[in-house]
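> Dumping the structure here so I can ask a few things about it.
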Amino acid sequence: MSSVIAIIGRPNVGKSVLFNRMIGRRDAIVHDAPGITRDRHYAEADWFGKKFTVVDTGGLVPESDEPMEAAIEQQARLAVSEADVILLVTDVRTGITPLDQKAAEVVRRAGKQVIVVANKVDSGAQENHAYEFGALGLGEPLMISALKGRNTGDLMDLLAERMPEPAPVEEAEDGAIKVAIVGRPNVGKSSLVNAIVGRDTVIVSDVPGTTRDSVDTQITRQGVKYSLIDTAGLRRRSRIKSDIEFYSFTRTMRSIARCDVAVLLVDAVDGLATQEQRIVSQVDEAGKGLVVAFNKWDLVDRTEHPTEAYAQTAKEYLRFADYAPILFVSAETRRGVTQIMEKTRHVHEMRSLRVSTGELNRVVENITAYYPPPAAPDGRATRILYCTQVQIAPPTFVFFVNHPDAVPDSYRRYLSNRLREAFVFEGSPIRVLIRGREGNR
41 MSSVIAIIGR PNVGKSVLFN RMIGRRDAIV HDAPGITRDR HYAEADWFGK KFTVVDTGGL
101 VPESDEPMEA AIEQQARLAV SEADVILLVT DVRTGITPLD QKAAEVVRRA GKQVIVVANK
161 VDSGAQENHA YEFGALGLGE PLMISALKGR NTGDLMDLLA ERMPEPAPVE EAEDGAIKVA
221 IVGRPNVGKS SLVNAIVGRD TVIVSDVPGT TRDSVDTQIT RQGVKYSLID TAGLRRRSRI
281 KSDIEFYSFT RTMRSIARCD VAVLLVDAVD GLATQEQRIV SQVDEAGKGL VVAFNKWDLV
341 DRTEHPTEAY AQTAKEYLRF ADYAPILFVS AETRRGVTQI MEKTRHVHEM RSLRVSTGEL
401 NRVVENITAY YPPPAAPDGR ATRILYCTQV QIAPPTFVFF VNHPDAVPDS YRRYLSNRLR
461 EAFVFEGSPI RVLIRGREGN R
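In this note's numbering, the protein residues as written are 41 to 481.
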């Protein structure tokens with residue numbers, strides 16, 4: 041999970057303009073009327089390889105009696121609670137207002153890193169007015185013009201410097217396998233955890249979105265320890281309207297980031313949707329093991345949907361992660377629960393598999409002899425000098441080549457597929473990197 045930058049401040053100080061500037065595209069609605077941004081709006085930003093999530097919030101109107109303003113304030117406070125760094129945006133043209141002072145107090149109580157941004161400094165003549173924001177007691181303000189882009193690069197540099205280092209992967213107690221149960225809301229994730237554990241350890245309700253936070257449950261099965269992470273349901277970003285759903289989304293992404301294996305639970309009655317593809321993509325990108333489990337299989341007409349045909353359709357739909365095993369379960373009847381745990385353990389082992397260099401290069405020699413890499417543009421032969429596995433979780437292989445630029449992505453995929461055939465790696469993504477070796481021609 042990338043670091044989170046929350047942009048807050050009173051209404052109409054230019055937060056959405058700054059948000060658009062930071063992410064490099066026009067995402068947030070920008071208008072002169074205050075209060076246009078009601079819900080939090082967020083997107084990924086990349087500054088010279090430093091990635092972080094930027095959250096645009098509605099204007100803080102502390103202690104307002106207006107229901108909408110109170111809701112906007114709650115949204116902003118929640119963004120502050122989730123943020124690693126806060127940008128308190130002010131308007132140099134109007135100077136410090138009581139709302140700026142109250143917003144500063146909200147930030148101060150949060151105890152987070154904060155940068156005071158004096159916006160709308162469009163000329164040198166306005167810089168003198170910006171210094172008064174030091175009176176907010178949160179440090180010297182950084183003067184920018186989000187509209188014109190003035191000093192926004194300096195702001196991004198400062199944010200990159202302040203980005204906390206990625207948190208180390210958490211070790212589960214006593215080396216337990218960390219398993220995140222992920223999926224859309226109301227597919228039975230909490231019910232599955234209860235079925236695995238054998239008792240009602242997680243609240244179960246038929247109201248979508250009951251699980252607002254991630255809850256870890258420690259269990260031991262057949263001598264293997266597991267840490268089950270029951271997560272809130274993932275929804276499309278455009279559907280994240282309430283503060284609870286935003287909070288759930290960020291918590292779920294963090295659960296994926298710290299798990300070893302993700303179990304994607306799908307409602308077998310509703311079937312797969314685009315959202316499952318997005319979830320699988322997130323799990324794959326994070327390099328986590330993956331098991332796909334169709335829940336409520338007891339409610340499916342098996343004559344209309346034979347298991348084998350259903351599984352084949354699922355693999356085609358999730359073809360970029362067709363390495364994931366597919367199971368059919370029922371949390372209600374506890375069908376397939378043991379199979380889920382056994383498959384999760386196996387996927388964890390595959391994700392942690394290390395292949396000896398000797399065995400690896402014997403396999404590579406065979407697969408490249410069958411289908412050699414394409415020649416370099418000048419006609420010289422491209423040769424794979426040797427291959428080595430540089431890490432596990434996920435298994436990552438580096439191929440050293442005399443002409444690395446001549447190896448297309450299609451050949452890299454060929455190498456990846458053949459390695460998977462040779463060593464299985466069921467349920468685990470693998471990474472194939474192409475590198476040159478200095479001195480080779």
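Cβ atoms here follow ideal geometry from the backbone N, Cα and C, with glycine treated the same way.
If you measure between the beta carbons of residue 367 and residue 333, is that distance less than 8 Å?
For the purposes of this step, residue 367 is identified with residue 327 of the sequence shown, where counting begins at 1. For the purposes of this step, residue 333 is identified with residue 293 of the sequence shown, where counting begins at 1. Yes, these two residues count as a Cβ contact at 8 Å.
> Exposed or buried, residue 464, counting other C-beta atoms within 10 Å across all chains shown (16 or more means buried)?
The residue labelled residue 464 in the question sits at position 424 within the sequence shown. So residue 464 counts as exposed.
> Tell me, to the nearest whole angstrom, how far the beta carbon of residue 178 is from that of residue 144; I am working on the premise that it is less than 8 Å.
Looking up residue 178 in the sequence shown gives position 138. Looking up residue 144 in the sequence shown gives position 104. Yes, they are in contact, since the Cβ atoms of residue 178 and residue 144 sit about 6 Å apart, within 8 Å.
> Ignore the nearest five residues each way along the sequence and tell me which others in residue 355's own chain have a CB closer than 6 Å to its CB.
Walking along the sequence shown from the start, residue 355 turns up at place 315. Hits under 6 Å: 362.
> In chain order, what are the residue ranges of uninterrupted beta strand (DSSP E) at least 3 long that sit wholly in the segment 356-439?
Fully enclosed beta strand (DSSP E) runs of 3 or longer: 366-368, 424-431.
> Please classify residue 133 as buried or exposed, where buried requires at least 16 other C-beta atoms within 10 Å of its C-beta.
In the sequence shown, the residue the question calls residue 133 occupies position 93. So residue 133 ends up on the exposed side.
> Confirm, please, whether the CB-CB distance from residue 166 to residue 124 is below 8 Å.
The residue given as residue 124 occupies position 84 in the sequence shown. The residue given as residue 166 occupies position 126 in the sequence shown. No; because the gap between Cβ atoms is not below 8 Å, this pair is not in contact.
> Would you check whether the ligand FMN has a heavy atom nearer than 7 Å to the C-beta of residue 168?
This structure does not include the ligand FMN; it has no bound ligands of any sort.
> For residue 236 and residue 94, what's the separation of their Cα atoms in angstroms?
Taking the sequence shown and counting its residues from 1, one reaches residue 236 at position 196. Taking the sequence shown and counting its residues from 1, one reaches residue 94 at position 54. Rounded to the nearest angstrom, the two C-alpha atoms are 37 Å apart.
> In chain order, which continuous runs of the beta strand (DSSP E) of length 3 or greater are located wholly inside the segment 151-188?
Correct list: 153-159.
> Taking the alpha-carbon positions, what's the residue 345 to residue 359 distance?
Against the sequence shown, residue 345 aligns to sequence position 305. Against the sequence shown, residue 359 aligns to sequence position 319. Taking the straight line from one Cα to the other gives about 20 Å.
> Among the residues of its own chain, which have a CB less than 7 Å from the CB of residue 174, if the five just before and after it don't count?
If you number the sequence shown from 1, residue 174 lands on position 134. Only 180, 181 meet the Cβ criterion.
> Between which two residues does the beta strand (DSSP E) carrying residue 44 extend?
Counted from its first residue, the sequence shown places residue 44 at position 4. Looking at the DSSP string, the run of the beta strand (DSSP E) that includes residue 44 is 43-48.
> If we ignore side chains and look at the alpha-carbon of each, how far apart do residue 197 and residue 450 end up?
Position 157 of the sequence shown, counting from 1, holds the residue named residue 197. Position 410 of the sequence shown, counting from 1, holds the residue named residue 450. Rounded to whole angstroms, residue 197 to residue 450 spans 37 Å at the Cα level.
> Give the straight-line distance between the Cα atoms of residue 330 and residue 225, rounded to the nearest whole angstrom.
The residue given as residue 330 occupies position 290 in the sequence shown. The residue given as residue 225 occupies position 185 in the sequence shown. So the two alpha carbons sit approximately 19 Å from each other.
> Have a look at 219, 89, 455 and flag the residue whose alpha-carbon is nearest the alpha-carbon of residue 259.
Taking the first residue of the sequence shown as position 1, residue 259 is located at position 219. Residue 259 has its Cα closest to that of 219, out of 219, 89, 455.
> Looking at the unbroken beta strand (DSSP E) that takes in residue 234, where does it start and where does it end?
Sequence index remark: in the sequence shown, residue 234 carries index 194 (1-based). Note, residue 234: premise wrong, no beta strand (DSSP E); alpha helix (DSSP H) at 229-237.
> When the Cα atoms are used, what is the spatial distance from residue 294 to residue 322?
Position 254 of the sequence shown, counting from 1, holds the residue named residue 294. Position 282 of the sequence shown, counting from 1, holds the residue named residue 322. If you take the alpha carbons of residue 294 and residue 322, they lie about 11 Å apart.
> If we ignore side chains and look at the alpha-carbon of each, how far apart do residue 412 and residue 473 end up?
The count along the sequence shown starts at 1 and reaches residue 412 at position 372. The count along the sequence shown starts at 1 and reaches residue 473 at position 433. Residue 412 and residue 473: Cα-Cα distance of roughly 17 Å.
> Can you confirm whether the segment 394-404 touches the segment 426-443 when touching is taken to mean that 3 or more C-beta pairs between the two stretches lie within less than 8 Å?
A contact exists between the segment 426-443 and the segment 394-404.
> Work out the CA separation of residue 408 and residue 373 for me, nearest whole Å.
What you label residue 373 is simply residue 333 of the sequence shown in a count that begins at 1. What you label residue 408 is simply residue 368 of the sequence shown in a count that begins at 1. Answer to the nearest angstrom: the Cα atoms are 49 Å apart.
> Which stretch, first to last residue, makes up the alpha helix (DSSP H) that contains residue 341?
To locate residue 341, count along the sequence shown from 1; it is residue 301. Premise fails: residue 341 is in no alpha helix (DSSP H) and is neither H nor E.
> Using 8 Å for Cβ pairs, my map puts residue 147 next to residue 47. What's the rounded Cβ distance?
Locating residue 147 in the sequence shown gives position 107, counting from the first residue. Locating residue 47 in the sequence shown gives position 7, counting from the first residue. With a Cβ gap of about 12 Å, residue 147 and residue 47 do not count as contacting.
> When the Cα atoms are used, what is the spatial distance from residue 418 to residue 445?
Here residue 418 refers to the residue found at position 378 of the sequence shown. Here residue 445 refers to the residue found at position 405 of the sequence shown. Straight-line Cα distance between these residues: approximately 12 Å.
> Would residue 83 and residue 97 be called neighbours here (beta carbons separated by less than 8 Å)?
The residue you call residue 83 lines up with position 43 of the sequence shown. The residue you call residue 97 lines up with position 57 of the sequence shown. Cβ atoms of residue 83 and residue 97: not closer than 8 Å.
> Over what stretch of residues does the beta strand (DSSP E) that includes residue 220 continue unbroken?
To locate residue 220, count along the sequence shown from 1; it is residue 180. 217-222 is the span of the beta strand (DSSP E), which, as asked, contains residue 220.
> Do you know offhand how far residue 384's Cα is from residue 352's?
Working through the sequence shown from its first residue, we reach residue 384 at position 344. Working through the sequence shown from its first residue, we reach residue 352 at position 312. Computed Cα separation, rounded: 20 Å.
> Between the Cα of residue 296 and those of 63, 320, 150, spot the shortest distance and give me the residue it belongs to.
In the sequence shown, counting from the first residue as 1, residue 296 sits at position 256. Residue 296 has its Cα closest to that of 320, out of 63, 320, 150.
> Quick check on this structure: which residue in 233, 476, 423 has the alpha carbon closest to the alpha carbon of residue 375?
Numbered from its first residue, the sequence shown carries residue 375 at position 335. The option with the nearest alpha carbon to residue 375 is 233.
> On a CA-only basis, which of 391, 434, 371, 476 is nearest residue 238? Give me that one, please.
Indexing the sequence shown from 1 puts residue 238 at position 198. Here the closest residue by C-alpha is 371.
> Using a Cβ-Cβ cut-off of 6 Å (strictly less than) and excluding sequence neighbours within five positions of residue 455, which residues of its own chain qualify?
On the sequence shown, residue 455 is found 415 positions in, with the first residue counted as 1. Here the set comprises 472.
> Is it the case that the Cβ atoms of residue 87 and residue 200 are separated by a distance below 8 Å?
Here residue 87 corresponds to residue number 47 of the sequence shown, with the count starting at 1. Here residue 200 corresponds to residue number 160 of the sequence shown, with the count starting at 1. In contact: residue 87 and residue 200 (Cβ atoms closer than 8 Å).
> Using a Cβ-Cβ cutoff of less than 6 Å, which residues in the same chain neighbour residue 436 once the five nearest sequence positions on both sides are dropped?
Within the sequence shown, numbered from 1, the residue matching residue 436 stands at position 396. Once the five neighbours on either side are set aside, the close Cβ partners of residue 436 are 430, 471.
> Quick one: grab the DSSP three-state call for residue 467.
Position 427 of the sequence shown, counting from 1, holds the residue named residue 467. Correct three-state label for residue 467: coil.
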